[in-house]
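A.B. asks:
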Amino acid sequence: MNNHKHPAVQAWTFIDERGSFRLEEPQRTSYLYFPLANEAGMMSAITPQLHGDIKTGQNSFLMTPVSAEDLHNTRSARNFWLYVEGYGPWSVTGNSARQLADRFGNEQERATLEAGFLWHKLLRELPKLGLVAQVINFVPAHAATVELMKVTVSNRGDRPLRFTPTAALPIYGRSADNLRDHRHVTSLLHRIAVTEHGVVVRPTFCFDERGHQLNHLSYSVLGSDGQGRPPCGFFPIVPEFIGEGGSLDWPEAVVRNLPPAHAAGARLGGYEAIGALRFAEQILQPGESQSYLLVLAIGDDSADSATLMQRYGSETAFDAYLAENQKFWENKLERLTFTNGDPNFGPWMRWVGLQPILRRIYGCSFLPHHDYGRGGRGWRDLWQDCLALLLQNPGEVRSLLLNNFAGVRIDGSNATIIGAAPGEFIADRNNICRVWMDHGAWPFLTTQLYIDQSGDLRFLLAEQSYFQDAQIYRSRRRDPLWQPEDGSRLRREDGRIYTGTVLEHLLIQNLTQFYNVGAHHAIRLEGADWNDALDMAAERGESVAFTAFYAANLLQLSEMVETLEERLGLDEVELAAELLLLLKLGPDPADYDSVSGKQALLDEYFAACRHRISGRKIRVRTRQLAANLRQKADWLFHWLRDHEWIENREGYQWFNGYYDNDGQRVEGDHPAGVRMTLTGQVFPIMGGIATPEQIVRIVAAVDRYLQDPVQKGYRLITDFGGVQTNLGRGFGFAYGHKENGAMFSHMAVMYANALYQRGFIREGYTVLHSIYGLCNDFATSRIYPGVPEYIDGNGRGMYHYLTGAASWLLLTMLTEVFGVKGRLGDLLLQPKLVREQFDAMGNASVTAHFAGKKVRVFYHNPKLLDYGQYRIQKVAIQASPAAPAISGDHAVIPRDLLENLPQDDCRLVVELG
Numbered sequence: 001m002n003n004h005k006h007p008a009v010q011a012w013t014f015i016d017e018r019g020s021f022r023l024e025e026p027q028r029t030s031y032l033y034f035p036l037a038n039e040a041g042m043m044s045a046i047t048p049q050l051h052g053d054i055k056t057g058q059n060s061f062l063m064t065p066v067s068a069e070d071l072h073n074t075r076s077a078r079n080f081w082l083y084v085e086g087y088g089p090w091s092v093t094g095n096s097a098r099q100l101a102d103r104f105g106n107e108q109e110r111a112t113l114e115a116g117f118l119w120h121k122l123l124r125e126l127p128k129l130g131l132v133a134q135v136i137n138f139v140p141a142h143a144a145t146v147e148l149m150k151v152t153v154s155n156r157g158d159r160p161l162r163f164t165p166t167a168a169l170p171i172y173g174r175s176a177d178n179l180r181d182h183r184h185v186t187s188l189l190h191r192i193a194v195t196e197h198g199v200v201v202r203p204t205f206c207f208d209e210r211g212h213q214l215n216h217l218s219y220s221v222l223g224s225d226g227q228g229r230p231p232c233g234f235f236p237i238v239p240e241f242i243g244e245g246g247s248l249d250w251p252e253a254v255v256r257n258l259p260p261a262h263a264a265g266a267r268l269g270g271y272e273a274i275g276a277l278r279f280a281e282q283i284l285q286p287g288e289s290q291s292y293l294l295v296l297a298i299g300d301d302s303a304d305s306a307t308l309m310q311r312y313g314s315e316t317a318f319d320a321y322l323a324e325n326q327k328f329w330e331n332k333l334e335r336l337t338f339t340n341g342d343p344n345f346g347p348w349m350r351w352v353g354l355q356p357i358l359r360r361i362y363g364c365s366f367l368p369h370h371d372y373g374r375g376g377r378g379w380r381d382l383w384q385d386c387l388a389l390l391l392q393n394p395g396e397v398r399s400l401l402l403n404n405f406a407g408v409r410i411d412g413s414n415a416t417i418i419g420a421a422p423g424e425f426i427a428d429r430n431n432i433c434r435v436w437m438d439h440g441a442w443p444f445l446t447t448q449l450y451i452d453q454s455g456d457l458r459f460l461l462a463e464q465s466y467f468q469d470a471q472i473y474r475s476r477r478r479d480p481l482w483q484p485e486d487g488s489r490l491r492r493e494d495g496r497i498y499t500g501t502v503l504e505h506l507l508i509q510n511l512t513q514f515y516n517v518g519a520h521h522a523i524r525l526e527g528a529d530w531n532d533a534l535d536m537a538a539e540r541g542e543s544v545a546f547t548a549f550y551a552a553n554l555l556q557l558s559e560m561v562e563t564l565e566e567r568l569g570l571d572e573v574e575l576a577a578e579l580l581l582l583l584k585l586g587p588d589p590a591d592y593d594s595v596s597g598k599q600a601l602l603d604e605y606f607a608a609c610r611h612r613i614s615g616r617k618i619r620v621r622t623r624q625l626a627a628n629l630r631q632k633a634d635w636l637f638h639w640l641r642d643h644e645w646i647e648n649r650e651g652y653q654w655f656n657g658y659y660d661n662d663g664q665r666v667e668g669d670h671p672a673g674v675r676m677t678l679t680g681q682v683f684p685i686m687g688g689i690a691t692p693e694q695i696v697r698i699v700a701a702v703d704r705y706l707q708d709p710v711q712k713g714y715r716l717i718t719d720f721g722g723v724q725t726n727l728g729r730g731f732g733f734a735y736g737h738k739e740n741g742a743m744f745s746h747m748a749v750m751y752a753n754a755l756y757q758r759g760f761i762r763e764g765y766t767v768l769h770s771i772y773g774l775c776n777d778f779a780t781s782r783i784y785p786g787v788p789e790y791i792d793g794n795g796r797g798m799y800h801y802l803t804g805a806a807s808w809l810l811l812t813m814l815t816e817v818f819g820v821k822g823r824l825g826d827l828l829l830q831p832k833l834v835r836e837q838f839d840a841m842g843n844a845s846v847t848a849h850f851a852g853k854k855v856r857v858f859y860h861n862p863k864l865l866d867y868g869q870y871r872i873q874k875v876a877i878q879a880s881p882a883a884p885a886i887s888g889d890h891a892v893i894p895r896d897l898l899e900n901l902p903q904d905d906c907r908l909v910v911e912l913g
């Protein structure tokens with residue numbers, strides 16, 4: 001398929017420094033959608049023609065659930081019609097058959113979209129009549145499950161306009177499961193009430209996987225005009241609204257301007273419902289405007305339409321809630337901001353900063369491309385999203401992290417069904433026994449960042465329980481003694497709930513994986529690793545890539561244990577007695593060179609804690625523990641360097657990342673072409689396994705085999721030449737899409753992060769700049785501001801908003817590029833900005849929160865020196881005579897200095913020369 005840029009397409013442009021943007025003729029681009037949500041759980045998706053859906057969860061959709069391919073049709077459109085005297089029907093959202101037919105001809109209309117945090121405005125003009133309509137949608141920031149919509153119709157012509165308005169929003173009112181499963185039968189459950197202000201649907205039952213339960217939710221479409229007057233009539237069911245032979249984009253009730261079918265007080269049942277609200281005929285003189293307010297609500301039994309309209313159904317209320325909503329999100333996102341030589345970069349990064357927050361609200365479901373899952377986040381998402389939360393709002397993180405550790409099993413695996421409340425983990429209910437081998441690696445990464453940012457070393461000593469269900473031996477077996485009524489917390493032999501320190505949880509996650517190896521001493525792939533699509537190699541597959549991650553964890557855990565003694569004076573730590581089996585501290589150490597020996601030792605540990613744990617604790621000297629962890633890390637470092645470094649026929653060298661289910665090495669030369677993965681290079685670089693000389697060779701190989709020659713982005717893998725039933729489902733995807741060779745933003749950002757960490761700054765900048773360039777080339781990427789999960793073969797951004805790439809990009813920009821990071825609670829400034837990232841005056845800045853202060857760091861590079869040419873000359877701290885310790889490329893500001901400053905807004909000016 002050829003990449004085609006429509007000549008008439010204009011890019012979006014920022015219209016203020018906060019990130020609000022404008023896009024002309026947005027209807028010329030397919031698949032665009034925008035999130036509208038709040039932290040109370042209201043989740044909407046809206047397109048430039050107001051298609052999309054509204055829901056609070058898998059079983060409560062007000063509008064019909066949509067996937068990306070549903071965005072083309074009008075069955076899920078928020079529509080508002082005007083029947084204009086002398087012209088006929090006109091949809092202010094562009095959703096009439098006439099408008100759709102004209103889209104590729106000589107359009108007589110003009111459309112403009114504006115959007116910001118988190119509001120959406122559509123402006124549509126019909127010049128021949130002088131008719132202009134503006135539609136604003138948003139979800140209030142407070143704890144309410146409503147979406148508000150205001151339509152303002154204006155006469156900019158020179159003659160009076162007479163029109164009849166009709167709002168029309170189909171009400172689905174049930175579970176997404178019923179889209180195909182009993183769609184008609186579940187419409188028979190609908191009980192439809194016509195109130196003074198609109199249409200309320202309350203089904204009698206919920207049909208979903210939980211069985212047939214009495215329903216207690218109502219779905220409402222309510223409205224009034226700008227003067228607070230209710231509609232004059234209603235069409236509450238789809239058959240009456242569209243008429244025989246009609247459709248939602250050419251409904252008989254509008255096209256023939258029929259009188260309303262029902263008045264307030266009507267009761268109906270057993271039909272597909274629609275919030276079709278007829279307002280009184282209106283005459284607008286030139287220069288006049290008229291507004292209409294719509295309240296789209298999902299509520300329990302206590303939510304009645306009169307209360308909703310009293311609260312939301314006026315222009316004054318709408319405007320006040322809109323201003324409150326804008327202020328709420330702006331305050332949230334100003335906590336982490338960037339400025340450099342590119343005026344678009346700072347506003348764009350604000351949208352990236354929104355994305356981890358959206359993922360906490362939507363999970364990995366409930367936006368059009370994210371049409372999988374049933375809500376909630378996975379284990380990996382919990383920890384990676386906390387990376388961004390640590391940078392944006394660190395005060396919330398300690399309790400959240402501690403709660404998350406309650407999801408760890410004693411065998412080193414973890415719960416995979418994550419509840420809605422913090423720390424809520426649900427026992428397996430679908431008999432799905434699957435373990436992702438990388439899950440145990442992420443908690444330490446996030447915990448380490450938290451400790452560096454906060455200096456809270458005692459967090460490692462906090463106690464937490466363990467998760468338990470029927471899965472044991474990392475889901476290879478089921479526990480016949482466990483029953484659901486036992487609960488989901490591990491118990492001691494005496495029946496009491498067992499708790500261990502956070503340090504103990506981290507040790508279990510990483511030590512069990514040290515022994516959980518395949519035939520090549522790499523950790524078993526199990527169900528999959530970070531690349532979920534590598535899911536067909538559970539028997540003999542191995543992930544060398546994440547073995548490098550675990551190796552780095554063991555080394556850094558060793559250093560952190562040493563720090564416990566240095567900073568807190570702890571010469572001993574208390575651990576579960578069973579952990580001695582994994583540590584092997586005695587005179588008879590484990591034989592790390594024996595695969596079978598390591599596997600047997602792991603099975604011995606599993607057997608020791610397969611149902612309950614003894615509850616006995618042992619005291620281990622911190623120096624002995626640190627040395628033991630370092631020994632294991634060193635063994636892995638040397639093994640990976642000696643056995644997984646490969647060279648192909650063209651002389652390029654890199655790390656092998658995987659073994660397949662036949663036990664064969666995946667990467668290198670192959671009859672179908674060179675096979676290489678980006679993941680396999682990221683973690684050896686990031687973890688310190690790759691030497692500087694090896695990194696040089698890896699970069700050359702990545703540029704040769706994984707850099708797209710046209711888009712210049714970095715692909716996740718090379719083309720393996722077809723389906724790989726011995727590796728994973730991802731190879732069933734067409735090459736260039738998703739995990740099979742797309743330019744995967746998430747891993748590309750991690751690649752850049754790894755390069756920055758290891759001092760390869762220009763190379764890391766090249767990777768980040770390629771992502772930024774691809775995302776901002778709207779004529780190709782066709783996405784709003786932000787970073788998508790991946791870029792497909794044509795350069796289009798895919799799976800926008802809900803991606804871990806955003807958290808990693810925030811982390812990389814703040815801690816590596818701008819060099820603002822914690823080091824055991826102190827503030828370290830170590831900028832790695834290249835010349836292009838300063839403005840014409842040599843300035844770049846970042847705002848972040850650290851030590852309870854809003855810290856604004858201003859870098860001044862008057863000679864526009866490149867990275868490697870400048871050093872920190874001076875650091876001036878507002879309202880403080882203190883001179884931080886400077887050592888060439890970095891400066892350290894003690895935490896107590898920052899905490900004792902008199903103001904919350906702390907300004908640091910860093911002179912580079």
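Counting in the UniProt record's numbering, the sequence shown runs from 1 upward without gaps.
Backbone N, C-alpha and C define an ideal beta-carbon position, used for all residues, glycine too.
Which of the three DSSP states is assigned to N900 in this structure?
C.D. replies: coil
A.B. asks: Can you give me the C-alpha to C-alpha distance between K327 and G353, rounded to a whole angstrom?
C.D. replies: 16 Å
A.B. asks: Report all residues from its chain with a CB closer than 7 Å to the CB of D371; omit the five preceding and five following residues, and keep chain order.
C.D. replies: S67
A.B. asks: Hey, how far is the Cα of E802 from the Cα of Q355?
C.D. replies: In the sequence on display, residue 802 carries Leu and not Glu. For L802 and Q355, the distance between alpha carbons rounds to 6 Å.
A.B. asks: Use the C-beta contact count for W654: other C-beta atoms within 10 angstroms, 16 or more gives buried, fewer gives exposed.
C.D. replies: buried
A.B. asks: Please classify G198: does DSSP put it in a helix, a strand, or coil?
C.D. replies: strand
A.B. asks: Select from Y658, T725, A700 and M747 the residue whose C-alpha is nearest the C-alpha of Y652.
C.D. replies: A700
A.B. asks: Any idea what DSSP makes of E559, helix, strand or coil?
C.D. replies: helix
A.B. asks: Please report the distance separating the alpha-carbon of Q134 from that of E25.
C.D. replies: 14 Å
A.B. asks: Under the rule that 16 or more other beta-carbon atoms within 10 Å means buried, what is K55, buried or exposed?
C.D. replies: buried
A.B. asks: Closest to G19 by CA distance: which of T337, M43, I192 and P239 is it?
C.D. replies: T337
A.B. asks: According to the neighbour-count rule (16 or more other Cβ atoms, all chains shown, within 10 Å of its Cβ), is A545 buried or exposed?
C.D. replies: buried
A.B. asks: Can you give me the C-alpha to C-alpha distance between V666 and N553, rounded to a whole angstrom?
C.D. replies: 24 Å
A.B. asks: Can you list, in chain order, the residues of its chain whose CB lies under 8 Å from that of F61, leaving out five sequence neighbours each side?
C.D. replies: Sequence-distant partners of F61 (beyond 5 residues in either direction) whose C-beta falls short of 8 Å from its own C-beta, in its chain, are D53, I54, K55, Y172, G173, R174, S175 and A176.
A.B. asks: Is R159 helix, strand or coil when you go by DSSP?
C.D. replies: coil
A.B. asks: Could you tell me which of L864, S887, V909 and D866 sits nearest to S880, measuring between CA atoms?
C.D. replies: Per the Cα distances, V909.
A.B. asks: Which runs of the alpha helix (DSSP H) fall wholly inside the region 374-411 and span at least 4 residues, in chain order?
C.D. replies: 379-392 and 397-404
A.B. asks: In the DSSP assignment, the beta strand (DSSP E) including L581 goes from what residue to what residue?
C.D. replies: Taken as a continuous stretch (DSSP letters only), L581 belongs to no beta strand (DSSP E), being part of the alpha helix (DSSP H) at L580 to L583.
A.B. asks: For the region 554-563 and the region 536-543, state whether three or more C-beta atom pairs, one from each stretch, are separated by less than 8 Å.
C.D. replies: no
A.B. asks: DSSP three-state label for M841, please.
C.D. replies: coil
A.B. asks: Going by DSSP, name the residue or residues bridged to V66.
C.D. replies: Beta-bridge pairing links V66 to no other residue.
A.B. asks: What residue from Q310, N59 and E288 has the CA that sits closest to E214's CA?
C.D. replies: Correcting the residue identity first, residue 214 is Leu in this sequence and not Glu. Closest in C-alpha terms to L214, from the list Q310, N59 and E288, comes N59.
A.B. asks: Report the start-end ranges of each alpha helix (DSSP H) in the region 245-296 that is 4 residues or longer and not cut off at the edges.
C.D. replies: The qualifying runs are 252-255.
A.B. asks: At what residues does the beta strand (DSSP E) containing T339 begin and finish?
C.D. replies: T337 to T339
A.B. asks: Does the pairing of the region 254-263 with the region 217-234 give three or more beta-carbon distances under 8 Å?
C.D. replies: yes
A.B. asks: By the three-class DSSP mapping on this structure, what secondary structure does P894 have?
C.D. replies: Here DSSP, grouped into helix, strand and coil, assigns P894 to coil.
A.B. asks: Please specify which runs of the beta strand (DSSP E), each continuous and at least 3 residues long, are wholly inside the region 762-824, giving them in chain order.
C.D. replies: 820-823
A.B. asks: Would you call V696 buried or exposed, if buried means 16 or more other Cβ atoms sit within 10 Å of its Cβ?
C.D. replies: Answer is exposed; the Cβ neighbour count stays below 16.
A.B. asks: Please look up how many angstroms separate the CB atoms of S781 and I771, rounded, as I've assumed it's under 8 Å.
C.D. replies: No, S781 and I771 are not in contact; Cβ-Cβ is about 10 Å, not under 8 Å.
A.B. asks: From which residue to which residue does the beta strand (DSSP E) around E647 run?
C.D. replies: W645 to E647
A.B. asks: Taking DSSP as the reference, what is the three-state secondary structure of Q49?
C.D. replies: coil
A.B. asks: Would you decide whether A577 is buried or exposed? Buried here means 16 or more other CB atoms lie within 10 Å of its CB.
C.D. replies: exposed
A.B. asks: Among the residues of its own chain, which have a CB less than 8 Å from the CB of D181, if the five just before and after it don't count?
C.D. replies: F207
A.B. asks: How many angstroms separate the CA atom of I508 from the CA atom of L640?
C.D. replies: 22 Å
A.B. asks: Please report the distance separating the alpha-carbon of D300 from that of A608.
C.D. replies: 48 Å
A.B. asks: Under the three-state reduction of DSSP, which class applies to I418: helix, strand or coil?
C.D. replies: strand
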